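Please read the structure below before turning to the comments.
In this note's numbering, the protein residues as written are 60 to 450.
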């Protein structure tokens, strides 16, 4: 990861330089916030720098205000406070356990933390910030951020055609669950997936499997070959697949959009990755959350505590089969399911409205383009580029 500081940025510097040299119309650099090189390269080549944040604005705000967390003893200290955090601008209140995993760690000397410190120092030099969120979902947080940096909520950002058709968005080979799901009753199947890269501890995976077995609920489980961080090629309990064969489909990968949109799906057991949360809202599927790392802990707070479109898989640090079974059945049946579905139906409308012609995200994108054009005009005259050649 240390190479991100030097080797990778040097290659990007070279590529951007070639592009700018060959095409004088290039005036802007849009880069993921998690890169550490954008502001330096943008300045070198006289480009407007736009930082692109792919997670909720709440997560960005907590990172952005790391200095306040440090001053108040909630981050980067050996004996961090565990009381409620209520001093971040635009954030009503959040518990330390609901911050991104990197903000919960006491040892901040790792390469990962060095990158985080540098990237948010870098982001404060950005001309603009665009966020993959919706204004109406995070009004107060976005308003507070907009007082510090030109910030535009332009989400949800889905692949082209996502809202109208099923599109492949992964390099993994996908299995087709459609025929199997077609035979299941409406809303009777739980979809289980922990994303494309997060690992699950072997012990937790076994408890989840045993809990699913106890629940008697039908399920589709996306079980990547590398889901367990160890080299265990068969992490499931002995006899599990035979035991659930009549009501389960276990596959290495699938089109998540296609599965979530199927009428048979009634719930989504997820790691609470932001893209998965947005997709579950769009497909109106309530969530059973098991955050594993980074922003997923904060995403879980939004889903369960704030928006009330799902529940926790486990209320403690230890996952047990009994709790898994209880919460799977709670999500998939009864009054709780109706409440979650009503709430998520309203949230789907919010997303649809934001993406409509006169919606907040469309308006914010138009405003961003207008402000970007003005910034480009201000930064340089047509046909003239002031480039700093210092490396």
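Ideal Cβ placement from N, Cα and C applies to all residues, glycine included. Every value quoted in this text rests on a predicted model; they were computed, and no experiment measured them.
Nearest to residue i (by Cα), restricted to the options the options
i, options, result
"residue 210", "217, 218, 216, 201", "201"
"residue 288", "186, 256, 123, 433", "256"
"residue 265", "279, 358, 298, 415", "298"
"residue 178", "148, 125, 238", "125"
"residue 371", "325, 339, 330", "330"
"residue 402", "436, 384, 344, 378", "344"
"residue 127", "137, 141, 145", "145"
"residue 143", "81, 137, 366, 153", "153"
"residue 381", "77, 263, 221", "263"
"residue 253", "243, 284, 245, 238", "284"
"residue 123", "365, 310, 176", "176"
"residue 192", "308, 358, 436", "358"
"residue 361", "139, 278, 69, 197", "197"
"residue 352", "292, 171, 417, 267", "171"
"residue 375", "392, 356, 294, 365", "356"
"residue 139", "162, 120, 151, 147", "162"
"residue 305", "121, 242, 321", "242"
"residue 378", "85, 174, 350, 195", "350"
"residue 147", "137, 119, 173, 165", "119"
"residue 102", "82, 121, 76, 93", "76"
"residue 373", "328, 366, 292", "328"
"residue 173", "421, 431, 94", "94"
"residue 354", "421, 206, 194, 121", "121"
"residue 151", "335, 365, 96", "365"
Contact check, residue i vs residue j, beta carbons under 7 Å
i, j, result
"residue 347", "residue 390", "yes"
"residue 203", "residue 423", "no"
"residue 387", "residue 276", "yes"
"residue 323", "residue 251", "no"
"residue 415", "residue 274", "no"
"residue 91", "residue 111", "yes"
"residue 313", "residue 281", "yes"
"residue 199", "residue 270", "no"
"residue 87", "residue 117", "no"
"residue 135", "residue 113", "no"
"residue 295", "residue 260", "no"
"residue 425", "residue 419", "no"
"residue 307", "residue 278", "yes"
Where residue i sits in the DSSP three-state scheme
i, result
"residue 371", "strand"
"residue 348", "strand"
"residue 437", "helix"
"residue 326", "strand"
"residue 228", "Only weak support is given to the placement of residue 228: the predicted model assigns it a pLDDT of 47, under 50, and the question is left unresolved by the model."
"residue 251", "strand"
"residue 158", "coil"
"residue 454", "The requested residue 454 is not part of the displayed model; the chain covers only 60 to 450."
"residue 309", "strand"
"residue 183", "coil"
"residue 392", "coil"
"residue 71", "helix"
"residue 78", "helix"
"residue 428", "helix"
"residue 257", "coil"
"residue 137", "coil"
"residue 97", "helix"
"residue 119", "helix"
"residue 285", "coil"
"residue 407", "helix"
"residue 131", "coil"
"residue 270", "helix"
"residue 450", "In this prediction, residue 450 has a pLDDT of 42, which is less than 50 and means its spatial position is unreliable; what the coordinates show is noted afterwards. It is coil, neither helix nor strand."
"residue 176", "helix"
"residue 295", "coil"
Integer-rounded CB distance, given that residue j should sit under 8 Å from residue i
i, j, result
"residue 79", "residue 104", "5 Å"
"residue 133", "residue 155", "6 Å"
"residue 159", "residue 108", "Residue 159 to residue 108, Cβ: 23 Å. No contact."
"residue 98", "residue 181", "5 Å"
"residue 208", "residue 188", "5 Å"
"residue 272", "residue 302", "6 Å"
"residue 333", "residue 410", "With 8 Å as the limit, residue 333 and residue 410 do not qualify as a contact, their Cβ atoms being about 13 Å apart."
"residue 325", "residue 246", "3 Å"
"residue 71", "residue 100", "6 Å"
"residue 316", "residue 427", "Not quite, the Cβ-Cβ distance comes to about 26 Å (not below 8 Å), so this is no contact."
"residue 215", "residue 337", "4 Å"
"residue 321", "residue 286", "Rounded, the Cβ-Cβ distance is 22 Å, inconsistent with contact."
Per DSSP, cross-strand counterpart(s) of residue i
i, result
"residue 153", "144"
"residue 112", "190"
"residue 87", "107"
"residue 339", "BP columns for residue 339 are empty, so no partner."
"residue 212", "190"
"residue 279", "250, 308"
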